[in-house]
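These notes concern the structure reproduced below.
There are 2 protein chains.
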Amino acid sequence: MTNPHDERAREQIEEAKDQVIQAISETMDLYGVTPAAGKIYATMYFENQMNLDEMREELGMSKPSMSTNVRKLQQIEMVKKKFQRGSRKHTYIAEKNFFHSFMAYFCQMWEREVKTNMDAIHIAENQLSAIIQDNEVSEELREEAENHYQLLNQSKVYYHWLDKLVHSIRSEEIFEFLPKDETLKN
Amino acid sequence: MTNPHDERAREQIEEAKDQVIQAISETMDLYGVTPAAGKIYATMYFENQMNLDEMREELGMSKPSMSTNVRKLQQIEMVKKKFQRGSRKHTYIAEKNFFHSFMAYFCQMWEREVKTNMDAIHIAENQLSAIIQDNEVSEELREEAENHYQLLNQSKVYYHWLDKLVHSIRSEEIFEFLPKDETLKN
DNA sequence: AACTTTGTTAAGAAAAAATTTAACGTTCTG
DNA sequence: CAGAACGTTAAATTTTTTCTTAACAAAGTT
Numbered sequence: 010m011t012n013p014h015d016e017r018a019r020e021q022i023e024e025a026k027d028q029v030i031q032a033i034s035e036t037m038d039l040y041g042v043t044p045a046a047g048k049i050y051a052t053m054y055f056e057n058q059m060n061l062d063e064m065r066e067e068l069g070m071s072k073p074s075m076s077t078n079v080r081k082l083q084q085i086e087m088v089k090k091k092f093q094r095g096s097r098k099h100t101y102i103a104e105k106n107f108f109h110s111f112m113a114y115f116c117q118m119w120e121r122e123v124k125t126n127m128d129a130i131h132i133a134e135n136q137l138s139a140i141i142q143d144n145e146v147s148e149e150l151r152e153e154a155e156n157h158y159q160l161l162n163q164s165k166v167y168y169h170w171l172d173k174l175v176h177s178i179r180s181e182e183i184f185e186f187l188p189k190d191e192t193l194k195n
Numbered sequence: 010m011t012n013p014h015d016e017r018a019r020e021q022i023e024e025a026k027d028q029v030i031q032a033i034s035e036t037m038d039l040y041g042v043t044p045a046a047g048k049i050y051a052t053m054y055f056e057n058q059m060n061l062d063e064m065r066e067e068l069g070m071s072k073p074s075m076s077t078n079v080r081k082l083q084q085i086e087m088v089k090k091k092f093q094r095g096s097r098k099h100t101y102i103a104e105k106n107f108f109h110s111f112m113a114y115f116c117q118m119w120e121r122e123v124k125t126n127m128d129a130i131h132i133a134e135n136q137l138s139a140i141i142q143d144n145e146v147s148e149e150l151r152e153e154a155e156n157h158y159q160l161l162n163q164s165k166v167y168y169h170w171l172d173k174l175v176h177s178i179r180s181e182e183i184f185e186f187l188p189k190d191e192t193l194k195n
């Protein structure tokens with residue numbers, strides 16, 4: 010490795026990796042992932058497997074910081090724990106298939122959105138329809154309740170669609186409509 | 010409005026609205042929107058139009074806070090400024106079509122992800138292929154460069170797919186595959 | 001059973017983000 | 001043209017989040 014060509018090549022490999030690591034951790038920020046966790050993931054992306062100590066050394070972070078960040082990455086399924094026979098150290102592998110991460114993250118997110126909002130809508134709809142059906146209530150308020158009711162009803166179209174989207178992703182049906190294009194020109 | 014029925018009805022309408030406002034601002038948090046901005050949007054959602062003063066009063070926030078939050082909401086196209094002839098106050102309307110917000114937000118986000126990462130990948134690929142083609146470099150490093158190159162190449166399948174997804178959303182072709190279901194049972 | 005090694009909570013410190021008060025600029029009105 | 005009404009920018013405060021050091025718990029080894 011004292012070969013001057015190799016030294017230069019090693020530098021260039023690191024530079025190439027850093028480009029991509031930077032970009033990945035920058036865009037993961039869009040997914041509600043903190044920069045630190047993004048860097049951890051992006052670093053692991055180029056390695057076959059790493060344990061907490063190796064990561065800590067590579068990134069100069071503290072042990073608990075690694076621990077919590079890796080846990081978060083596990084929750085969104087971007088990192089998996091690998092059973093390592095005969096070693097007490099936990100070793101992890103980065104999920105390198107971005108389709109998997111995409112599916113896990115957005116389905117989880119959208120499902121929560123649908124559930125939270127539909128639950129609230131159902132409660133609100135009941136309260137509003139009680140008013141609409143109450144003849145003692147003034148016309149003005151009845152109309153307001155009616156308007157809100159219609160608005161909520163309209164929004165359900167969206168939440169149902171979002172739910173269908175989640176299912177088509179989970180079932181991978183979406184790839185029939187939008188195929189993964191394995192053969193790329195450039 | 011001193012009618013006791015109406016008083017009760019008014020309370021109940023507010024309660025129904027609050028349910029939904031709470032849910033919306035909670036789930037908007039998933040979209041990188043701060044709770045304050047979420048509340049502003051959700052409040053406007055039930056109104057035809059509002060100006061900054063009305064919102065400030067309704068939510069008990071400061072004037073600059075309103076100003077900056079509304080601007081953020083405009084950026085992600087969840088709120089639009091409405092030209093109001095003869096008034097110096099700016100009035101705003103909430104985008105009530107969630108499909109529109111969905112499309113604007115995710116297309117913007119995914120496009121940035123594709124661009125940032127593809128740019129980095131192109132640079133990295135050039136650096137790596139220079140090493141791969143350099144015969145003076147040791148076999149070991151050549152192999153490492155080759156591995157990274159393959160990894161990046163593989164990831165391009167995903168970014169191309171994401172790009173296609175964005176286009177199919179922008180062009181609304183996606184609704185041919187996943188129709189908006191206007192007639193809902195429940 | 002005592003000692004190591006590894007990972008995780010807990011508590012405190014540092015950093016980052018959001019919010020408010022205050023000052024400013026602009027545009028309309030009298 | 002002076003004054004008022006709105007909105008925005010700047011600076012400072014408060015709140016939230018993140019990170020680190022330190023104490024702890026679990027599991028394994030000698």
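In order, the protein sequence lines correspond to chains R and L. Residue 10 is where the first sequence starts when you use my numbering, and the numbers rise one by one after that. Residue 10 is where the second sequence starts when you use my numbering, and the numbers rise one by one after that. Idealized CB from N, CA, C, for every residue including glycine.
Contacts with chain L (Cβ-Cβ distance below 7 Å) from the region 35-65 of chain R involve E35, T36, L39, G41, F55, listed in chain order. With contacts defined by Cβ atoms closer than 7 Å, L/A129 and R/V29 form a contacting pair.
The C-alpha of R/F184 lies about 42 Å from the C-alpha of R/R17.
Note that the C-beta distance between L/F186 and R/Y167 is not below 7 Å. Residue environment for R/K48: buried (at least 16 other C-beta atoms within 10 angstroms of its C-beta).
Taking each of L/Q117, L/N156, L/A32, L/E148 in turn and checking the Cα distance to L/E134, the smallest one comes out for L/N156. Rounded to whole angstroms, the gap between the alpha carbons of L/V146 and L/N162 is 22 Å.
With its beta carbon at least 7 Å from every one in chain L, R/M87 lies outside the interface. Taking a contact to require three or more Cβ pairs closer than 8 Å, the region 109-128 of chain R and the region 171-180 of chain R qualify as touching. Listed along chain R, no residue sits closer than 7 Å to L/Q159 by beta-carbon distance, the nearest being about 11 Å off. Inclusion of L/I85 and L/Y50 in the CB contact set at 7 Å is not warranted, their separation being larger than that value. For R/F55, the number of other beta carbons within 10 angstroms of its own is at least 16, and it is reported as buried. The three-state reading of DSSP puts L/I22 in helix, counting H, G and I together. Within the same chain, Cβ atoms closer than 8 Å to the Cβ of R/V123 are found at Y168, L171, D172, V175, the five residues on either side in sequence being excluded. Within the same chain, no residue comes within 7 Å of L/E191 by CB-CB distance, once the 5 residues on both sides are set aside. For L/I132, no beta strand (DSSP E) encloses it; the enclosing alpha helix (DSSP H) starts and ends at 107-142. The straight-line gap separating the alpha-carbon atoms of L/V88 and R/M112 is approximately 29 Å. Taking each of L/P188, L/L82, L/M59 in turn and checking the Cα distance to L/Q93, the smallest one comes out for L/M59. R/M53 places its beta carbon less than 7 Å from that of R/A103.
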